[in-house]
Amino acid sequence: MTPRTTPPVTPPSAPRFDCTGLVVADMASSLAFYRRLGLDVPAEADDLPHVEHVLPNGLRLLWDTDATYRSFAPDTRLSTGPGRVTLGFACDGPAGVDAVWAELTKAGYTGHQAPWDAVWGQRYAIVLDPDGNAVDLFAALESPSASAG
């Protein structure tokens, strides 16, 4: 008697990271903040309950109003304030971090942590978006050899 062989099981393909979603209290306020960070979201999106923006690398940033999110996840408790997820924006050099920080805080957005030179070699700052999400601004610090010319 010959042993029966079973065909190999093909594992499902691994999921790929595609998007980050933000649940927002005020769509227009949130989009205005992210436009200041360079995202080209059309003004017509301000009144929509759901907005998607494709980033240059193909990833998507999504916004849903509280009401929209609750329409499909009614038992979700929506939190406010800095949480366990942050969004990071690379700036053009250390001076770029300072400039973006200054522009956002001057525009009335909450500065969570003023720019500083982090021990891991970056100029870093944290500002809060209108819903209290932490948004990290960063750039590599210039190495002493690069600035010595």
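The opening residue of the sequence shown carries number 19 in the working numbering; numbering runs sequentially from there. Note that CB positions come from ideal geometry on N, CA and C, so glycine has one too. All of these numbers come straight from a predicted model, not from anything done at the bench.
By Cβ distance below 8 Å, which residues in the same chain neighbour Ala-46 in space, the five residues on each side in sequence not counted?
Asp-64, Asp-65
Buried or exposed: which applies to Ser-89, given that a residue is buried once 16 or more other Cβ atoms fall within 10 Å of its Cβ?
exposed
Counting Cβ pairs closer than 8 Å, one from the segment 128–147 and one from the segment 82–98, do we hit at least three?
no
Start and end of the alpha helix (DSSP H) containing Tyr-52?
45–54
CA nearest to the CA of Ile-144, picked from Ala-32, Val-103, Glu-160
Val-103
Taking the alpha-carbon positions, what's the Gly-167 to Ser-161 distance?
Note that Gly-167 has pLDDT 49, beneath the 50 cutoff, so the model's placement of it is unreliable and the number below is only indicative. Between Gly-167 and Ser-161, the C-alpha separation is close to 11 Å.
Could you give the DSSP three-state label for Pro-133: helix, strand or coil?
strand
Do you know whose CA, among Gly-56, Leu-49, Arg-53, Arg-78, lies nearest Pro-67's CA?
Leu-49
Within 8 Å, strictly: CB atoms of Ala-157 and Arg-141:
yes
What separation, rounded to the nearest whole angstrom, lies between the Cα atoms of Leu-146 and Val-118?
13 Å
Grab me the residues of Val-127's own chain with a C-beta within less than 6 Å of its C-beta, minus the 5 sequence neighbours each way, in chain order.
Residue identity check: residue 127 is Tyr in the sequence provided, not Val. Val-145.
If you count every other CB in all the chains shown that lies within 10 Å of the CB of Thr-122, and 16 or more means buried, which is it?
Going by the sequence as given, residue 122 is Leu instead of Thr. By the 10 Å Cβ count, Leu-122 comes out buried.
Roughly how many whole angstroms lie between the Cα atoms of Ser-165 and Trp-138?
Only weak support exists for where Ser-165 lies, its pLDDT of 48 falling under 50; the value from the coordinates is given anyway. Straight-line Cα distance between these residues: approximately 18 Å.
Could you tell me if Asp-149 is buried or exposed, where buried requires 16 or more neighbouring beta carbons within 10 angstroms of its beta carbon?
buried
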